[in-house]
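Enquirer: This is the structure I have questions about; it appears just below.
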Amino acid sequence: MTSPARSPGSAGGDPSLPSTVARPVEHELVVKKSRFITLLHPVTTVAAAEAVIARVRKEHWDARHHCTALVVGTHADQQRSSDDGEPSGTAGIPMLEVLRHRRVTDVVAVVTRYFGGVLLGAGGLVRAYSNAVSETLDLAPILRREVMVEVTVEVPHAEAGRIGNVLHEWCATHGAVLEGADYAARAVFRLLVPPAQLVPLEADLASASSGTLSPAVGDRRVVDVPA
Numbered sequence: 001m002t003s004p005a006r007s008p009g010s011a012g013g014d015p016s017l018p019s020t021v022a023r024p025v026e027h028e029l030v031v032k033k034s035r036f037i038t039l040l041h042p043v044t045t046v047a048a049a050e051a052v053i054a055r056v057r058k059e060h061w062d063a064r065h066h067c068t069a070l071v072v073g074t075h076a077d078q079q080r081s082s083d084d085g086e087p088s089g090t091a092g093i094p095m096l097e098v099l100r101h102r103r104v105t106d107v108v109a110v111v112t113r114y115f116g117g118v119l120l121g122a123g124g125l126v127r128a129y130s131n132a133v134s135e136t137l138d139l140a141p142i143l144r145r146e147v148m149v150e151v152t153v154e155v156p157h158a159e160a161g162r163i164g165n166v167l168h169e170w171c172a173t174h175g176a177v178l179e180g181a182d183y184a185a186r187a188v189f190r191l192l193v194p195p196a197q198l199v200p201l202e203a204d205l206a207s208a209s210s211g212t213l214s215p216a217v218g219d220r221r222v223v224d225v226p227a
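Be aware that the sequence shown starts at 1, since it is given in the numbering used here, and climbs by one per residue.
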């Protein structure tokens with residue numbers, strides 16, 4: 001996913017798309033002497049999630065349990081969980097429910113438990129594993145997702161500086177992103193534009209160029225922006 005910087009005029013993420021985490025976050029929770037060490041790690045495939053889980057197992061080889069939950073896919077299409085030896089339904093599913101409730105995807109949660117000698121009971125385990133993931137999510141930097149349209153604008157080199165400034169200012173006030181420019185026979189500016197801003201872009205570009213320039217609309221893309 002592309003991760004453009006949020007511009008001041010940008011609206012919130014697409015409400016139909018789940019969010020994701022920007023980077024790995026680790027947090028420890030102690031409940032009745034048991035240590036619950038949670039790692040949230042961004043991933044984009046089940047295979048990548050399994051690699052993270054394997055690494056945690058190797059790092060904490062002496063722990064009793066490594067319970068997991070993962071959600072991947074733009075629309076949270078794939079979801080899995082594991083109790084890893086805890087009583088059925090007391091760890092993986094509660095962890096997964098937190099991820100679902102908080103509407104995040106492309107993330108794996110691994111909760112490593114070092115048993116402290118005090119039995120927590122089924123209810124206590126559900127609360128502990130749920131809280132472990134929830135508290136770690138509270139610490140995680142969140143990226144919201146938006147659907148943007150790829151747009152290019154071809155400009156004669158003599159006008160590239162002026163139009164480049166126009167596009168930069170326009171993006172800053174319309175929730176768009178100026179990704180960059182390529183220079184060949186003509187200068188080609190590359191933008192990511194919210195679908196609702198395509199018509200205003202065409203009108204404003206025509207106004208700035210006396211009707212000589214128009215945007216070329218390309219594919220739609222899901223991009224990550226800071227929450």
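Quick reminder that beta carbons are idealized off the backbone N, C-alpha and C, glycines included. None of the values given here were measured: they were computed from a predicted structure.
Taking D182 as the reference, which of S207, E28, A176 and V155 has the closest Cα?
Expert: For the purposes of this step, residue 182 is taken as residue 182 along the sequence shown, with counting starting at 1. That would be V155, whose Cα lies nearest to the Cα of D182.
Enquirer: For G12, which residues from the same chain have a beta carbon less than 6 Å from its beta carbon, with the 5 sequence-adjacent residues on both sides left out?
Expert: Within the sequence shown, numbered from 1, the residue matching residue 12 stands at position 12. Any reading at G12 needs caution, since the residue's pLDDT is 48, under 50, leaving its predicted position unreliable; the model's value is listed next. None.
Enquirer: Is DSSP giving S19 helix, strand or coil here?
Expert: Along the sequence shown, one-based indexing puts residue 19 at 19. S19: strand per DSSP, three-state reduction.
Enquirer: Over the uninterrupted alpha helix (DSSP H) stretch that includes S130, give me the two end residues.
Expert: Stepping through the sequence shown from its first residue, residue 130 is reached at position 130. Element bounds for S130: G121 to L139.
Enquirer: Using a Cβ distance threshold of 8 Å, determine whether the segment 88-104 contacts the segment 13-32, with at least three qualifying pairs required.
Expert: A contact exists between the segment 88-104 and the segment 13-32.
Enquirer: Take E26 and list the residues in its own chain whose beta-carbon comes closer than 6 Å to its own, dropping the five residues that flank it on each side.
Expert: Position 26 of the sequence shown holds residue 26. Closer than 6 Å at Cβ, skipping near neighbours: L39.
Enquirer: What residue range does the alpha helix (DSSP H) around T173 cover?
Expert: In the sequence shown, the residue the question calls residue 173 occupies position 173. Start and end: A160 to H174.
Enquirer: May I have the straight-line CA-CA distance separating H75 from R144, to the nearest angstrom?
Expert: By one-based count along the sequence shown, residue 75 stands at place 75. By one-based count along the sequence shown, residue 144 stands at place 144. Approximately 13 Å, taken between the alpha carbons.
Enquirer: Given V126, which residues of its chain have a CB within under 7 Å of its CB, disregarding the five upstream and five downstream residues?
Expert: What you label residue 126 is simply residue 126 of the sequence shown in a count that begins at 1. Here the set comprises T90 and P94.
Enquirer: Using 8 Å as the cut-off, can you tell me whether the segment 195-203 makes contact with the segment 144-153, which would need three or more C-beta pairs spanning the two stretches below that distance?
Expert: Taking 8 Å as the limit for Cβ pairs, the verdict is that the segment 144-153 does touch the segment 195-203.
Enquirer: By the DSSP assignment, the beta strand (DSSP E) with E179 in it spans what residues?
Expert: By one-based count along the sequence shown, residue 179 stands at place 179. Taken as a continuous stretch (DSSP letters only), the beta strand (DSSP E) holding E179 covers V177 to Y183.
Enquirer: Relative to the C-alpha of D138, which residue among L99, H157 and V118 is closest?
Expert: By 1-based counting over the sequence shown, the position of residue 138 is 138. Out of L99, H157 and V118, L99 has the C-alpha closest to the C-alpha of D138.
Enquirer: CA-CA distance, W170 and G85?
Expert: For this step, residue 170 is matched to residue 170 along the sequence shown. For this step, residue 85 is matched to residue 85 along the sequence shown. When rounded, the distance between both Cα atoms is 56 Å.
Enquirer: Note down, in chain order, each residue of its chain lying with its Cβ closer than 8 Å to the Cβ of E135, except the 5 sequence neighbours on either side.
Expert: Your numbering for residue 135 matches position 135 in the sequence shown. For E135, where only same-chain residues beyond five positions count, the Cβ hits under 8 Å are H27, L29 and T38.
Enquirer: Mapping DSSP to helix, strand and coil, what is R100?
Expert: Reading the sequence shown from its first residue, position 100 is the one you call residue 100. Helix.
Enquirer: Hey, quick one: how far does the beta strand (DSSP E) through S82 stretch, first residue to last?
Expert: Within the sequence shown, numbered from 1, the residue matching residue 82 stands at position 82. Segment Q78 to S82, the beta strand (DSSP E) holding S82.
Enquirer: Tell me which residues share the same chain as K32 and place their Cβ nearer than 7 Å to its Cβ, disregarding the 5 neighbours each side in the sequence.
Expert: Residue mapping note: residue 32 aligns to position 32 of the sequence shown, counting from 1. So the list reads G116, V118 and L120, once near-sequence residues are dropped.
Enquirer: Exposed or buried, which one is P87 when buried takes at least 16 other CB atoms within 10 Å?
Expert: To locate residue 87, count along the sequence shown from 1; it is residue 87. The residue in question, P87, is exposed, as its Cβ has fewer than 16 Cβ neighbours within 10 Å.
Enquirer: So the beta strand (DSSP E) V29 belongs to, where does it begin and stop?
Expert: As a first step, residue 29 is located in the sequence shown; it is residue number 29 there, counting from the start. Here residue 29 turns out to be Leu, not Val, going by the sequence shown. Its beta strand (DSSP E) spans residues V25 to V31.
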